[in-house]
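A.B. asks: If you scroll down you'll find the structure; I have some questions about it.
There are 2 protein chains.
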Amino acid sequence: MIQAPYLLFLGDAPDNLAAKMAQGIIDWRPEAAAGQYRMEGCKANLGIKDMTIQEAVAAGVKTLVVGVVNRGGIISQGWKTVLIEALEAGLDVACGLHNQLRDEPDLVEAAEKAGRSLFDVRVPPVQYPVANGKKRTGKRCLAVGTDCSVGKMYTALAMHREMEKRGMKATFRATGQCGILIEGNGVPLDAVVADFMAGAVEYLTPNNDADHWDLIEGQGSLFHASYSGVTMALVHGGQPDALILCHEPTRPHMRGLPDYTLPSLEDLRDVALRLAQVVNPACKVAGISVNTQHMSEADALAYLADLEARMGIPAVDPFRQGAGRLVEALACI
Amino acid sequence: MIQAPYLLFLGDAPDNLAAKMAQGIIDWRPEAAAGQYRMEGCKANLGIKDMTIQEAVAAGVKTLVVGVVNRGGIISQGWKTVLIEALEAGLDVACGLHNQLRDEPDLVEAAEKAGRSLFDVRVPPVQYPVANGKKRTGKRCLAVGTDCSVGKMYTALAMHREMEKRGMKATFRATGQCGILIEGNGVPLDAVVADFMAGAVEYLTPNNDADHWDLIEGQGSLFHASYSGVTMALVHGGQPDALILCHEPTRPHMRGLPDYTLPSLEDLRDVALRLAQVVNPACKVAGISVNTQHMSEADALAYLADLEARMGIPAVDPFRQGAGRLVEALACI
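So the sequence lines, in the order shown, correspond to chains A and B.
In terms of my numbering, the first sequence has 408 at position 271, counting the first letter as 1, and numbering is strictly consecutive.
In terms of my numbering, the second sequence has 461 at position 324, counting the first letter as 1, and numbering is strictly consecutive.
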């Protein structure tokens, strides 16, 4: 468990896009973000209070979060000076980069000396079990996509926020590095060894109250040649009661696969439901979440109305319209 | 690449069942097994020549293969004495156990001193790429099962042997530890990190002659809650032109999952074909391989005839009837 509140470290980020991970924390868990730390030359700005390490400690910050994509893929010497200062001042350090804190001997040494922890959120923190497929109590909702990066995390987070607002019992279950930094814990599923993927998802979504919903962050797509195995483990390990179909209508081909077109939402519905019913025969497709950011308001609304008429389940863009109707659809499950 | 010929090390195995992995090598690659090494008290016997380490070296053996499941799951001190003698005498050592040779400092030291290699066949030997889904030349056949351990490896090996006998171009592509020891190389798919599973299968089955067949060893089952993600990576990374459905008709429930019944062969056909056609729209289901070892000859033949009439494709038990008809079915693909 990564302890909040966080100091969001933006390093020498060239723009706000490089700080996307930190922006995710601001968007979804603003109360966890006490301030930002920007080095000289940093062009990103999250619009929250700038803090030195000492100011952060005084404000009760527990963890410095590296929330930025670094240039050249390395943890630079300039960064390290700040990270070591943070460790010595009593903060933990968490990082979502491919490059790992634990591979930097000077950071490891500083953390040991200070008695602080380094969290590499792409590294599985425990040895997960093999999945046992046993029916668990409580309810689970999984977002599945026609492609990668179509808004599955956004959908789960928006539904979770809406359910909390309505006083429903719900937990967001993170399966990727950005989700883990937002939630403070989770399973970095794409880094888990094959045999233990479904078991990791079972571990993440244990028995719960009968009226509690896990909102499970999806990964990949059953139709994506590179990552479909990861998605399959989510479908079978997650034992979903409800599926939300996620789609981005303007994408010309599968992400990273120029030879592959996206499946239709009907194809996704049929394939995902058939597979989910292997572990939960009662599973239903509850609704459709469409990322319409590249469409005009009028086009988006027309598209959604048409889709809803065609498929007979609620179709919404939670960014434009909120996640209320998706949450209400769960009540029918 | 693990170099043949092998000396099969049976340790102090209590019976032939414990030496199942060595038996697989005897069954499928007898020319690679120069002899067996049995310690005092060993109750297993493969029926091949007993050899000392010195005799094995004199006979041209290159690798000592630990082909036995050990008691208590550890590499015992008694074993180590023999393994170190083998390394010092100039042999490599290969091992398919969960316990790894590389975790034993005295073995590592002996191998380094002697300039020999330790092969832990459950450990991926290279960093596999992310799958790119690009269409490859050559043909590929994948065995998929209604469950784990229904005869997928046996089916691929039997088809491969039959194709070699007929002078066809074919390669067995191993994806598990037993298959890797039989073939001398392959991908230990269940130990690969999630994001790289499909890429590992692409790596294993590269471009080839137009009339060359890869016979890909299957793993798990699309219907097995614990391992379906691994199977999915085989279906999408393997880009099969032909699927062979594998089944064991007397099994009361899915292996290790007492709450799950097996799917029908029709269900397997429909789900596996739909998923395979995502990466290869021309993929077909070529035939059915049934493990009838728990049925009488008469019952087995009646079952197969009935199945063939019902599903309209060849249905055979390659152990009873040979793999000829399955190989012929590939010609129609």
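Where a beta carbon is used, it is the ideal one built from N, C-alpha and C, also for glycine.
Pull up the CB-CB distance for residue 355 of chain B and residue 416 of chain B, whole angstroms please, since I reckon it's below 8 Å.
C.D. replies: By 1-based counting over the second sequence, the position of residue 355 of chain B is 218. By 1-based counting over the second sequence, the position of residue 416 of chain B is 279. Residue 355 of chain B to residue 416 of chain B, Cβ: 16 Å. No contact.
A.B. asks: For residue 309 of chain B and residue 326 of chain B, which I take to be in contact (beta-carbon distance under 8 Å), what is that distance rounded to the nearest angstrom?
C.D. replies: In the second sequence, counting from the first residue as 1, residue 309 of chain B sits at position 172. In the second sequence, counting from the first residue as 1, residue 326 of chain B sits at position 189. Actually they do not touch by this definition, with Cβ atoms about 15 Å apart.
A.B. asks: Can you name, in chain order, every residue of its own chain whose Cβ lies under 8 Å from the Cβ of residue 391 of chain B, other than the five neighbours on each side?
C.D. replies: Locating residue 391 of chain B in the second sequence gives position 254, where the first residue counts as 1. Exclusion of the five residues before and after residue 391 of chain B leaves 284, 285, 358, 360, 361, 362, 397, 398, 399 as the residues of its chain whose Cβ lies within less than 8 Å of its Cβ.
A.B. asks: With distances taken from CA atoms, which of A:148, A:425, A:154, A:340 is nearest residue 271 of chain A?
C.D. replies: On the first sequence, position 134 is the one that residue 271 of chain A refers to. Of A:148, A:425, A:154, A:340, the residue nearest in Cα terms is A:340.
A.B. asks: Compute the distance between the beta-carbons of residue 219 of chain A and residue 143 of chain A, then report whether it is under 8 Å.
C.D. replies: Taking the first sequence and counting its residues from 1, one reaches residue 219 of chain A at position 82. Taking the first sequence and counting its residues from 1, one reaches residue 143 of chain A at position 6. Taking 8 Å as the Cβ cut-off, residue 219 of chain A and residue 143 of chain A do not qualify as a contacting pair.
A.B. asks: Going by Cα to Cα distance, which pick from B:448, B:395, B:385 is closest to residue 407 of chain B?
C.D. replies: Position 270 of the second sequence, counted from the first residue, corresponds to residue 407 of chain B. For residue 407 of chain B, the nearest C-alpha among the options comes from B:448.
A.B. asks: Within 10 angstroms of its Cβ, does residue 274 of chain B collect 16 or more other Cβ (buried), or is it exposed?
C.D. replies: Walking along the second sequence from the start, residue 274 of chain B turns up at place 137. Exposed: under 16 other Cβ atoms inside 10 Å.
A.B. asks: Once you ignore the five residues that flank residue 211 of chain B on each side, which residues in its own chain have a CB closer than 8 Å to its CB?
C.D. replies: As a working note, residue 211 of chain B is residue 74 in the second sequence. Same-chain partners within the cutoff: 236.
A.B. asks: According to DSSP, residue 421 of chain A sits in a beta bridge with which residue or residues?
C.D. replies: Along the first sequence, read from residue 1 onward, the residue named residue 421 of chain A stands at position 284. Paired residues: A:379.
A.B. asks: Would the beta-carbon of residue 230 of chain B fall within 8 Å of that of residue 200 of chain B?
C.D. replies: In the second sequence, counting from the first residue as 1, residue 230 of chain B sits at position 93. In the second sequence, counting from the first residue as 1, residue 200 of chain B sits at position 63. Cβ distance < 8 Å, so residue 230 of chain B and residue 200 of chain B count as in contact.
A.B. asks: The beta strand (DSSP E) spanning residue 173 of chain A covers which residue range?
C.D. replies: Counting from 1 along the first sequence, the entry for residue 173 of chain A is found at position 36. First-last of the beta strand (DSSP E) with residue 173 of chain A: 170-175.
A.B. asks: What are the residues in the region 243-276 of chain A lying within 9 Å of chain B by C-beta distance?
C.D. replies: 267, 268, 269, 270, 271, 272
A.B. asks: For residue 329 of chain A, which residues in chain B fall below 8 Å Cβ to Cβ?
C.D. replies: Taking the first sequence and counting its residues from 1, one reaches residue 329 of chain A at position 192. Those are 330, 331, listed as they occur along chain B.
A.B. asks: Using a C-beta cutoff of 8 Å, does residue 172 of chain B count as contacting chain A?
C.D. replies: Indexing the second sequence from 1 puts residue 172 of chain B at position 35. Residue 172 of chain B does not count as touching chain A.
A.B. asks: Let me confirm a value: residue 437 of chain A is counted as buried when at least 16 other C-beta atoms fall within 10 Å, else exposed. Which label applies?
C.D. replies: Along the first sequence, read from residue 1 onward, the residue named residue 437 of chain A stands at position 300. It counts as buried.
A.B. asks: Do residue 377 of chain B and residue 278 of chain B have their C-beta atoms closer together than 8 Å?
C.D. replies: Mapped onto the second sequence, residue 377 of chain B falls at position 240. Mapped onto the second sequence, residue 278 of chain B falls at position 141. The answer is yes: Cβ separation under 8 Å.
A.B. asks: Going by other Cβ atoms of all chains shown within 10 Å of its Cβ, with 16 needed for buried, is residue 257 of chain B buried or exposed?
C.D. replies: Within the second sequence, residue 257 of chain B is the residue found at index 120, counting from 1. Counting Cβ neighbours within 10 Å, residue 257 of chain B comes out buried, since at least 16 surround it.
A.B. asks: Between the Cα of residue 224 of chain A and those of A:241, A:213, A:190, spot the shortest distance and give me the residue it belongs to.
C.D. replies: One-based indexing of the first sequence puts residue 224 of chain A at position 87. The shortest C-alpha separation from residue 224 of chain A is found at A:190.
A.B. asks: Would you mind reading off the limits of the beta strand (DSSP E) that contains residue 297 of chain A?
C.D. replies: As a working note, residue 297 of chain A is residue 160 in the first sequence. No beta strand (DSSP E) contains residue 297 of chain A, which is instead part of the alpha helix (DSSP H) from 289-302.
A.B. asks: Can you grab the Cα-Cα spacing for the pair residue 138 of chain A / residue 222 of chain A, in whole Å?
C.D. replies: Counting from 1 along the first sequence, the entry for residue 138 of chain A is found at position 1. Counting from 1 along the first sequence, the entry for residue 222 of chain A is found at position 85. Using only the alpha carbons, I get a separation of about 22 Å.
A.B. asks: Is it buried or exposed for residue 371 of chain A, if we count other Cβ within 10 angstroms and need 16 for buried?
C.D. replies: Position 234 of the first sequence holds residue 371 of chain A. Counting the other Cβ atoms within 10 Å of the Cβ of residue 371 of chain A gives 16 or more, which makes it buried.
A.B. asks: Within 10 angstroms of its Cβ, does residue 289 of chain A collect 16 or more other Cβ (buried), or is it exposed?
C.D. replies: If you number the first sequence from 1, residue 289 of chain A lands on position 152. So residue 289 of chain A ends up on the buried side.
A.B. asks: Could you check whether the region 167-185 of chain B touches the region 329-346 of chain B, counting it as contact only if at least three pairs of C-beta atoms, one from each stretch, sit closer than 8 Å?
C.D. replies: no
A.B. asks: If you compare alpha carbons, which of A:328, A:140, A:206 is closest to residue 158 of chain A?
C.D. replies: By one-based count along the first sequence, residue 158 of chain A stands at place 21. Considering only alpha carbons, the answer is A:206.
A.B. asks: Give the residues of chain A in contact with residue 336 of chain B, contact being defined as C-beta atoms less than 8 Å apart.
C.D. replies: Here residue 336 of chain B refers to the residue found at position 199 of the second sequence. Neighbours of residue 336 of chain B on chain A, chain order: 363.
A.B. asks: When the Cα atoms are used, what is the spatial distance from residue 318 of chain A to residue 343 of chain A?
C.D. replies: Start at 1 with the first residue of the first sequence, and residue 318 of chain A comes out as number 181. Start at 1 with the first residue of the first sequence, and residue 343 of chain A comes out as number 206. Each residue's Cα considered, the two are about 20 Å apart.
A.B. asks: Sort B:433, B:432, B:409, B:431 by Cα distance to residue 422 of chain B and report the nearest one.
C.D. replies: Taking the first residue of the second sequence as position 1, residue 422 of chain B is located at position 285. The option with the nearest alpha carbon to residue 422 of chain B is B:409.
A.B. asks: Just to confirm, are residue 402 of chain A and residue 381 of chain A a CB contact at a threshold of 8 Å?
C.D. replies: Here residue 402 of chain A corresponds to residue number 265 of the first sequence, with the count starting at 1. Here residue 381 of chain A corresponds to residue number 244 of the first sequence, with the count starting at 1. No.
A.B. asks: Return helix, strand or coil for residue 333 of chain A, following the three-state DSSP convention.
C.D. replies: In the first sequence, the residue the question calls residue 333 of chain A occupies position 196. Residue state, collapsed to three classes: helix.
A.B. asks: Alpha carbon to alpha carbon, how far is residue 302 of chain A from residue 464 of chain A? Give it in angstroms, no decimals.
C.D. replies: Here residue 464 of chain A refers to the residue found at position 327 of the first sequence. Here residue 302 of chain A refers to the residue found at position 165 of the first sequence. Counting only the Cα atoms, residue 302 of chain A lies some 11 Å from residue 464 of chain A.
A.B. asks: How many whole angstroms separate the CB atoms of residue 331 of chain A and residue 334 of chain B, which I take to be in contact at a CB cut-off of 8 Å?
C.D. replies: Within the first sequence, residue 331 of chain A is the residue found at index 194, counting from 1. Within the second sequence, residue 334 of chain B is the residue found at index 197, counting from 1. With 8 Å as the limit, residue 331 of chain A and residue 334 of chain B qualify as a contact, their Cβ atoms being about 5 Å apart.
A.B. asks: Identify, in the order they occur along the chain, each residue of the same chain with its Cβ nearer than 7 Å to the Cβ of residue 365 of chain A, setting aside the five sequence neighbours on each side.
C.D. replies: Within the first sequence, numbered from 1, the residue matching residue 365 of chain A stands at position 228. These residues qualify, in order along the chain: 357, 358, 359.
A.B. asks: Along chain A, which residues have their Cβ under 7 Å away from the Cβ of residue 411 of chain B?
C.D. replies: As a working note, residue 411 of chain B is residue 274 in the second sequence. Neighbours of residue 411 of chain B on chain A, chain order: 408.
A.B. asks: For residue 394 of chain B and chain A, any beta-carbon pair shorter than 8 Å?
C.D. replies: For the purposes of this step, residue 394 of chain B is identified with residue 257 of the second sequence, where counting begins at 1. Yes, residue 394 of chain B lies at the interface with chain A (some Cβ there is under 8 Å from its Cβ).
A.B. asks: Name, please, each residue of chain A whose Cβ falls closer than 7 Å to the Cβ of residue 369 of chain B.
C.D. replies: As a working mapping, residue 369 of chain B is identified with position 232 in the second sequence. Within chain A, the residues near residue 369 of chain B are 365, 366, 369.
A.B. asks: Counting only the same chain and skipping the five closest in sequence on each side, list residues whose C-beta sits under 8 Å from that of residue 350 of chain B.
C.D. replies: Translated into the one-based positions of the second sequence, residue 350 of chain B becomes position 213. Correct list, in chain order: 275, 276, 277, 278, 300, 305, 306, 307, 308, 467.
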